[in-house]
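Heads up, the sequence shown is in the working numbering, so the first residue is 9 and it goes up one at a time.
Glycine included, C-beta positions come from ideal geometry on N, C-alpha and C.
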Amino acid sequence: MSTFWVDTDFGFDDLWAILVLRELGAQVAGISLVAGNAPLARVVSNATGARRTYGIDAPIYAGADRPLVRDAETAERILGPRGMQSRGQHLPDGGPWS
9 MSTFWVDTDF GFDDLWAILV LRELGAQVAG ISLVAGNAPL ARVVSNATGA
59 RRTYGIDAPI YAGADRPLVR DAETAERILG PRGMQSRGQH LPDGGPWS
């Protein structure tokens, strides 16, 4: 069995990648989160909401809340305020993880 570490801004594509890894029998050793699709607080909420909804058991770690060299720019103008575009249903707010 393969083991992976996932470093992500936790958008829809990242959630699906984690679910595909699980389906293929791979182990996710941990998930590190960075701002990108949305600000870090929203990314954390998306990841913890997904963890609770889909039973993802990998530990989650918050990383950078902004780029190291340039100004922060998120994809909220394209993906909406949650950083994950939807046609109605959303992941539950996860809040801070425990």
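Quick one: using the 10 Å Cβ neighbour count with 16 as the cut-off for buried, is R59 buried or exposed?
Under this definition R59 is a buried residue.
Status (buried if at least 16 other CB within 10 Å, exposed otherwise) for S53
Counting Cβ neighbours within 10 Å, S53 comes out buried, since at least 16 surround it.
Given G33, which residues of its chain have a CB within under 6 Å of its CB, disregarding the five upstream and five downstream residues?
Closer than 6 Å at the Cβ level, and outside the excluded window around G33, lie M9.
Enclosing beta strand (DSSP E) for L41 [first to last residue]:
From DSSP, the beta strand (DSSP E) with L41 extends over 35-41.
What do you reckon, are the CB atoms on T56 and I39 nearer than 8 Å?
Their beta carbons are not under 8 Å apart, which means T56 does not touch I39 by this criterion.
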